[in-house]
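Below is one structure, written out as structure tokens; the observations come after it.
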Amino acid sequence: MQTVLFDLDGTLLAADQETFLKAYFEIMAESAVKHQIDPKPLIETIWTGTRAMVANDGNRTNEVVFWELFNRHYPGDSDKARDMLDEFYIKDFPRVGKTATPHPLALKCVALLKEKGYQVALATNPLFPRIATEYRIRWAGLSPRHFAHITTYENSSYSKPNLAYYRELLASLGSEPATALMVGNDVAEDMVVESMGMKTFLLTDHLINPGAVDIGRFPRGGFEELYQMIEGLPFLE
167 MQTVLFDLDG TLLAADQETF LKAYFEIMAE SAVKHQIDPK PLIETIWTGT
217 RAMVANDGNR TNEVVFWELF NRHYPGDSDK ARDMLDEFYI KDFPRVGKTA
267 TPHPLALKCV ALLKEKGYQV ALATNPLFPR IATEYRIRWA GLSPRHFAHI
317 TTYENSSYSK PNLAYYRELL ASLGSEPATA LMVGNDVAED MVVESMGMKT
367 FLLTDHLINP GAVDIGRFPR GGFEELYQMI EGLPFLE
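Each residue of the sequence shown is one higher than the last, beginning at 167 in this note's numbering.
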């Protein structure tokens, strides 16, 4: 094993998805109103664009897919809305960080892997622009510099749970499924890599298992167990 992929939300970043989304859209709505934009059609179009990114077939980046759909479906001035969203991510999105709590072992796990010579990448679902993803990394007590690659909507042409997303990420790292490990908390989105021959570790602190899948076959545990597993890994030459 040479490469370790980490999910972000619910894995390195302790955040409840519903609480995060509620704050995210509430603060976005406040920002929209300040710019005299009706938040309801804005948020509805964002959801539509998000679904399009999840369904992306790889012909274009998620960013291109999102904005093509947004421009086509948003009923108002799409240029004005885009300017407002750009400003939102710079000025207001940091306030969403109140919903997240850094785990003290997140940094230790990543740091120990890097000390041992492993390539560490962030395999977060690439539905956000890089600026938002970097904020979320910092909320977890980490830095973008900790990762060899970070998936964002600018550099990804697929989304989870599409296996092509993982193939694209591994290719960017020069890695193969047989030499990689995926650490995540979502059975459907993260553990799907098992079918590619990738090793897995299911982090159960914020377990998401909507299909009630039997998780008995996955190596699993909380952050303490994850750290112990990393301690047992050999140093790479």
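We treat Cβ as the ideally placed atom computed from N, Cα and C, and that holds for glycine.
Anyone know if the C-beta pair for residue i and residue j falls short of 8 Å?
{"i": "residue 176", "j": "residue 380", "result": "no"}
{"i": "residue 343", "j": "residue 362", "result": "yes"}
{"i": "residue 332", "j": "residue 325", "result": "no"}
{"i": "residue 373", "j": "residue 392", "result": "no"}
{"i": "residue 187", "j": "residue 282", "result": "no"}
With a cut-off of 8 Å on the beta carbons, I'd call residue i and residue j a contact; round off their distance for me.
{"i": "residue 329", "j": "residue 216", "result": "No, residue 329 and residue 216 are not in contact; Cβ-Cβ is about 20 Å, not under 8 Å."}
{"i": "residue 305", "j": "residue 268", "result": "7 Å"}
{"i": "residue 266", "j": "residue 208", "result": "24 Å between Cβ atoms; not a contact."}
{"i": "residue 334", "j": "residue 323", "result": "6 Å"}
{"i": "residue 284", "j": "residue 366", "result": "Going by Cβ atoms, the distance from residue 284 to residue 366 rounds to 15 Å, so no, they are not a contact pair."}
{"i": "residue 297", "j": "residue 255", "result": "5 Å"}
{"i": "residue 346", "j": "residue 307", "result": "So it is not a contact: roughly 24 Å between Cβ atoms."}
Which value, in whole angstroms, describes the spacing of the CA atoms of residue i and residue j?
{"i": "residue 360", "j": "residue 189", "result": "33 Å"}
{"i": "residue 355", "j": "residue 194", "result": "26 Å"}
{"i": "residue 303", "j": "residue 172", "result": "11 Å"}
{"i": "residue 213", "j": "residue 299", "result": "18 Å"}
{"i": "residue 202", "j": "residue 242", "result": "11 Å"}
{"i": "residue 205", "j": "residue 197", "result": "9 Å"}
{"i": "residue 220", "j": "residue 275", "result": "29 Å"}
{"i": "residue 385", "j": "residue 311", "result": "28 Å"}
{"i": "residue 259", "j": "residue 349", "result": "26 Å"}
{"i": "residue 377", "j": "residue 191", "result": "26 Å"}
{"i": "residue 375", "j": "residue 223", "result": "25 Å"}
{"i": "residue 251", "j": "residue 230", "result": "16 Å"}
{"i": "residue 167", "j": "residue 228", "result": "29 Å"}
{"i": "residue 398", "j": "residue 389", "result": "14 Å"}
{"i": "residue 257", "j": "residue 263", "result": "12 Å"}
{"i": "residue 226", "j": "residue 295", "result": "15 Å"}
{"i": "residue 387", "j": "residue 396", "result": "12 Å"}
{"i": "residue 313", "j": "residue 238", "result": "35 Å"}
Give a single yes or no on whether residue i has its beta carbon closer than 7 Å to a heavy atom of the ligand FMN.
{"i": "residue 340", "result": "This structure lacks the ligand FMN; in fact it carries no ligand of any kind."}
Would you mind sorting residue i into buried or exposed? The rule is 16 or more other CB atoms within 10 Å of its CB.
{"i": "residue 337", "result": "exposed"}
{"i": "residue 199", "result": "exposed"}
{"i": "residue 211", "result": "buried"}
Touch check for the stretch 310-317 and the stretch 280-299: three-plus C-beta pairs under 8 Å?
-> With a cut-off of 8 Å on Cβ pairs, the stretch 310-317 is in contact with the stretch 280-299, counting three or more such pairs.
Is the stretch 221-236 close to the stretch 181-199, with three or more CB pairs under 8 Å?
-> The count of Cβ pairs closer than 8 Å, one atom from the stretch 221-236 and one from the stretch 181-199, stays below three, leaving the stretches out of contact.
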